[in-house]
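Undergrad: A single structure is presented below for examination.
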Amino acid sequence: MQKKYVNNLSEATIGTIFSGNVKILRKAKPGPVVFLVSDGTGTIDAVIKDSGYEVNDTVFLEGFVNERAGKKQIEIERIKKSETDFSQIINEKSEPKLKNFSINSEKYEAMRERIYSIAKRLRRAVIEGQPILIRHHADADGIGAGIAVEEALNDFMIEFGTNPQYNLYRSPSKTPFYETTDMLKDLSHAKRMMNEFNQKKPLIVIIDNGSTSEDYFALKMLHALGFELIVIDHHNPGEIKEGKTSVCQFLLLHLNPYIFGFDSKICSAMLSYEIARLVNENFENKLIPAIAGISDRCEGVEVEQYIKNSGKTVEELQKIGVAIDFASYNLKFDAGEGIYDEFFTNDEVVSLIFEETTKGVEIQLQSTMPYVKTQKINNVIFSYIDLEKYTVRFKYPPAGKVIGLIHDKISEGKENQAVITLGLLSDMIIVRATKPILPVSKIISNLQEKIPTANIEGGGHECAGTIKFITAHSEKILEEIKEMVREIQIDLE
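My numbering puts the first residue of the sequence shown at 581, with every later residue one more than the last.
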């Protein structure tokens, strides 16, 4: 029987003989040496009794393709050094095949180069056998964003011959910033992959987090340890100088609408969806950006197009967003693999969850609304409530969601008025507003200046955010915020 020779790994099927130039991506010992090799068209394990070649070496090898433990592998018969330049091959293969966005947007066009660069870097990681860790905020926006990128990469890895089970990981972050605990978990995971399984240092992608001063230490730490970091976010990063934020120095790539002169009305899942489509041109889930846009209260032509393209009503999308949020609340630190996918296709499950959450909403509003204190300050409807005293604990919706519901109730019929609602906790204030007359970042900077001993920090968007402080200063902080409202110039025309 005539032997069939192939010189592309994409054509290497069981029973053929591969003969060609490859780049070594990983080397595993002891026992027989197992190389993970790539030629730019795919990856495969290649086995030999012993070899002095190392990771990143370019070699010519020849051998029979067989199967072991359900995987294809090459039994190397010949191997020698090759002068083939793989950098150009890998660069070309990393280029996204898709060039257009799913919607028309001048803002996206302004961010095109950055969006494209992130997609290209993610594809390159797959081609070069570099694992990818995704860390995202655990709300409907962050979860949708993380799932979009994960699913696009998962299918691209399979297509390329890489096993996603050992090269792609997604984890939620309960806080709206990349906190030290999550950073150390990611670091521990990365070290285990590198030390126990001889894998490359992973590329870390932080989504719907990562742009603010609260992320500074975690990002600086990983950067100091030599990790490549990508951030996809839409939170206000604070001061921007020459297109750079305070954390850009630690990042390989940073995508945030604020860097390009825009605001938070383009959310992380909307950006991540477009990146996912560029990573894998076959990826599509039109619900993700629409659900995230509605859940994060985005406005503008972008979210309007996503809603139209989704084929669902706003109410239907809102219900799916609630289901995602409900699951995230109960899953806590679990990634919820497979669960969120149910909500995109199973209307009955979404309805069941919505009915259950509606009961919780009614209970929380019944417990809180009579105790909301409201006053008019400088033409602003200013309200606040002690959430620790009046909310039902350990029940969905949690305090952060409850203050949003209270704010919506107070804002009904007041479309032309500014409404600010505060949810008070012992060491934290949750802010919601209808108009950006007093951005959360400005409240924080003013408080830091006026009460330095309170160790104030926080973040968020112009109309929604969190302020953290030392408990002893809570009353003074509330009074200072009231004073800020008295002093602002109101222009609602």
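Note that the Cβ used here is the ideal one computed from N, Cα and C, for glycine as well.
What did DSSP end up calling Lys-771 once you bin it into helix, strand or coil?
TA: Residue state, collapsed to three classes: helix.
Undergrad: Would you mind reading off the limits of the beta strand (DSSP E) that contains Asn-646?
TA: That run of the beta strand (DSSP E) goes 638-648.
Undergrad: Between the alpha carbons of Ser-793 and Ile-900, how many angstroms are there, rounded?
TA: Answer to the nearest angstrom: the Cα atoms are 32 Å apart.
Undergrad: Under the assumption that Phe-598 contacts Ile-659 (Cβ atoms under 8 Å), give the Cβ distance between them as a whole number of angstroms.
TA: Actually they are not in contact, since the Cβ atoms of Phe-598 and Ile-659 sit about 12 Å apart, beyond 8 Å.
Undergrad: In the structure shown, what three-state DSSP assignment does Phe-842 receive?
TA: In the structure shown, Phe-842 sits in coil (DSSP, three-state: anything other than H, G, I, E or B).
Undergrad: With a threshold of 7 Å, establish whether the CB of Val-952 neighbours any heavy atom of the ligand GTP.
TA: The ligand content of the structure shown is nil, which means the ligand GTP is not present either.
Undergrad: Mapping DSSP to helix, strand and coil, what is Val-617?
TA: Reduced to three states, the DSSP call for Val-617 is strand.
Undergrad: With distances taken from CA atoms, which of His-814, Glu-808 and Tyr-758 is nearest Gln-829?
TA: Among His-814, Glu-808 and Tyr-758, the Cα nearest to that of Gln-829 belongs to Glu-808.
Undergrad: Please classify Tyr-964: does DSSP put it in a helix, a strand, or coil?
TA: Looking at Tyr-964 - three-state DSSP - the assignment turns out to be strand.
Undergrad: Over what stretch of residues does the beta strand (DSSP E) that includes Val-627 continue unbroken?
TA: Its beta strand (DSSP E) spans residues 623-628.
Undergrad: So what's Asn-1026 in DSSP terms, helix, strand or just coil?
TA: Three-state result, Asn-1026: helix.
Undergrad: Give me the Cα-Cα distance between Glu-1073 and His-987, rounded to the nearest whole angstrom.
TA: Residue placement at Glu-1073 cannot be trusted, given a pLDDT of 49 that sits under 50; what the coordinates show is reported in the next sentence. Glu-1073 and His-987: Cα-Cα distance of roughly 22 Å.
Undergrad: Ile-628 to Gly-726, Cα distance in whole Å?
TA: Roughly 38 Å between the two C-alpha positions.
Undergrad: Whose CA, out of Ser-697, Pro-711 and Asp-966, lies closest to the CA of Asn-778?
TA: Closest option to Asn-778, Cα to Cα, is Pro-711.
Undergrad: Closest to Asp-905 by CA distance: which of Gly-984, Asn-747, Asp-721 and Phe-666 is it?
TA: The residue with the shortest Cα to Cα distance from Asp-905 is Asp-721.
Undergrad: Of the choices Ala-804, Ala-903 and Lys-866, whose alpha-carbon is the least far from that of Phe-681?
TA: Nearest of Ala-804, Ala-903 and Lys-866 to Phe-681, Cα basis: Lys-866.
Undergrad: Which residues share a DSSP beta bridge with Met-1008?
TA: Its beta-bridge partners are Leu-1005 and Lys-1048.
Undergrad: I want to see whether chain D comes within less than 8 Å of Ser-599, judged by CB atoms only; does it?
TA: Although the question refers to chain D, the structure presented lacks it and comprises just one protein chain.
Undergrad: Among all the DSSP beta bridges, which residues are the ones paired with Ile-712?
TA: Paired residue(s): Leu-748 and Leu-783.
Undergrad: So, do the region 821-840 and the region 689-699 have three or more beta carbon pairs nearer to each other than 8 Å?
TA: Touching, yes.
Undergrad: Quick test of your reading: Val-602 and Ser-590, contact by CB under 8 Å. State the CB separation rounded to the nearest angstrom.
TA: Their Cβ separation, rounded to whole angstroms, is 12 Å, which puts Val-602 and Ser-590 out of contact at 8 Å.
Undergrad: From the DSSP secondary-structure annotation, give me the bridge partner or partners of Asn-601.
TA: For Asn-601, which the question treats as bridged, DSSP gives the partners Phe-640.
Undergrad: Does the Cβ of Phe-666 have 16 or more other Cβ atoms within 10 Å, making it buried, or fewer, making it exposed?
TA: Classification for Phe-666: buried.
Undergrad: Give me the Cβ distance between Ser-844 and Asn-816, rounded to the nearest whole Å; I'm assuming they're in contact under 8 Å.
TA: Sure, about 7 Å apart at Cβ, within 8 Å.
Undergrad: For the alpha helix (DSSP H) containing Glu-942, name the first residue and the last one.
TA: That run of the alpha helix (DSSP H) goes 927-948.
Undergrad: Straight-line CA distance for Asn-1035 to Leu-1027?
TA: So the two alpha carbons sit approximately 9 Å from each other.
Undergrad: Given a threshold of 16 other Cβ atoms within 10 Å of its Cβ, counted over all protein chains shown, does Gly-891 qualify as buried or as exposed?
TA: It is exposed - the Cβ of Gly-891 has fewer than 16 other Cβ atoms within 10 Å.
Undergrad: Since Gly-1038 and Thr-1046 are thought to touch, with beta carbons under 8 Å apart, how far apart are those beta carbons, to the nearest angstrom?
TA: With a Cβ gap of about 5 Å, Gly-1038 and Thr-1046 count as contacting.
Undergrad: Can you tell me whether DSSP reads Glu-1073 as helix, strand or coil?
TA: Model confidence at Glu-1073 stands at a pLDDT of 49, short of 50, so the residue's coordinates are unreliable; what they give is reported in the following sentence. In this structure, Glu-1073 counts as coil in the three-state DSSP scheme.
Undergrad: Roughly how far, in whole angstroms, is the beta-carbon of Leu-945 from the beta-carbon of Leu-1004, given that I think they are within contact range, below 8 Å?
TA: Rounded, the Cβ-Cβ distance is 17 Å, inconsistent with contact.
Undergrad: Nearest-angstrom Cα distance between Ala-732 and Phe-644?
TA: If I take the Cα positions, the gap works out to 32 Å.
Undergrad: Under 8 Å between the Cβ atoms of Ile-812 and Ala-699?
TA: Not in contact: Ile-812 and Ala-699 (Cβ atoms no closer than 8 Å).
Undergrad: Does the Cβ-Cβ distance between Ile-1070 and Asn-959 come in under 8 Å?
TA: For Ile-1070 and Asn-959, yes; Cβs fall inside 8 Å.
Undergrad: Any idea what DSSP makes of Leu-1018, helix, strand or coil?
TA: Here Leu-1018 sits in coil by DSSP.
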